[in-house]
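Please read the structure below before turning to the comments.
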Amino acid sequence: MLSNGFLGYPTTFMLDFVVCALALIVPVLLWSLWLVKFRRRYVAHKRLQIALGIVLLLAVTAFEVDVQIAHGGWEKIVAKQQLSPVALTAKIGSVRPWLLVHLVFAVTTPFLWIVTITLALRRFKNPPAPGTHSRLHKALGWASTIDITLTSVTGLLFYYVAFVKS
Ligand code: HEM
37 MLSNGFLGYP TTFMLDFVVC ALALIVPVLL WSLWLVKFRR RYVAHKRLQI ALGIVLLLAV
97 TAFEVDVQIA HGGWEKIVAK QQLSPVALTA KIGSVRPWLL VHLVFAVTTP FLWIVTITLA
157 LRRFKNPPAP GTHSRLHKAL GWASTIDITL TSVTGLLFYY VAFVKS
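For the sequence shown, position 93 matches number 129 in the numbering used here, and the numbering has no gaps at all.
The following block contains the structure:
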């Protein structure tokens with residue numbers, strides 16, 4: 037069952053699952069930022085950000101195990117499209133640059149999120165409220181927001197060019 041996707045394309049269950057998680061994370065993040073910036077709901081923001089961080093970490097770990105170990109790499113999943121050997125090689129070559137751009141954001145995002153969450157937990161009071169850490173946290177928070185948004189957009193674009201577009 038886990039060797040097939042559920043979005044209607046020749047992919048895998050985990051690939052489709054991560055694509056859905058990537059599409060959902062940005063609206064949830066915007067909601068969390070609206071809560072903290074306009075409603076001053078600091079505790080709700082803290083809980084949402086920690087939950088998002090955990091979901092992201094679990095989804096990405098499960099995804100990597102599935103793609104690398106269970107399926108032997110993304111190229112093997114592209115091969116499910118049953119193209120001719122020449123067309124398959126051409127497709128892999130043409131979509132690889134999209135993946136490399138995605139990886140720039142996908143690799144930096146977890147580090148930025150871990151630093152942002154760890155410092156926030158250590159330096160804000162409990163329950164959290166604006167304080168001496170606010171300035172640095174806002175800078176880290178906006179950088180983390182932009183990084184995960186670009187991870188999401190480039191991830192969805194890669195999914196489209198590699199698995200949807202014929
Ligand atoms: C990766 C996780 C997180 C991200 C991306 C994030 C993002 C942000 C951003 C962008 C702001 C500034 C909004 C504005 O411009 O007014 C903000 C504010 C705030 N965040 Fe986070 N946050 C994260 C985790 C946390 C955690 C874990 C806590 C609590 C322990 C926290 C507590 C706060 C507080 C108290 C403020 C208000 C600061 C102020 O207005 O002076 N955040 N967050």
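Note that the Cβ used here is the ideal one computed from N, Cα and C, for glycine as well.
Query: Neighbourhood of F141 by C-beta distance below 7 Å, restricted to the same chain and skipping five residues each side; Result: D183, L186, T187, T190
Query: S52 versus F160 - alpha carbon distance; Result: With the sequence shown as reference, residue 52 is identified as Asp, and Ser is not the correct amino acid for it. The alpha-carbon atoms of D52 and F160 are separated by roughly 37 Å.
Query: I150 versus G167: straight-line alpha-carbon distance, rounded; Result: 20 Å
Query: For V143 and V197, believed in contact at Cβ under 8 Å, the rounded distance; Result: About 20 Å; that fails the 8 Å criterion.
Query: Which listed residue (L94, C56, I153) has its alpha carbon closest to that of A175; Result: I153
Query: Coil, strand or helix - Q118 by DSSP; Result: coil
Query: Nearest residue (CA-CA) to Y207, options A165, G109, G89, I105; Result: The chain is shown from 37 up to 202; residue 207 falls before or after that span and cannot be answered.
Query: beta-carbon G177 near ligand 1 non-hydrogen atom, thresh 6 Å; Result: yes
Query: Within 7 Å, strictly: CB atoms of F199 and T48; Result: no
Query: Boundaries (first-last residue) of the alpha helix (DSSP H) holding S180; Result: 170-195
Query: Supposed close pair V114, M50 - CB separation, criterion 8 Å; Result: Not quite, the Cβ-Cβ distance comes to about 15 Å (not below 8 Å), so this is no contact.
Query: Minimum C-alpha distance to K73 - residue among G177, S39, L148; Result: G177
Query: Residue nearest to V91 in terms of C-alpha spacing, selected from N162, Q117, F194, P146; Result: P146
Query: Pairwise C-alpha distance: V55 and Y195; Result: 8 Å
Query: Minimum length 4: unbroken alpha helix (DSSP H) runs contained in the region 49-111; Result: 49-74, 78-100
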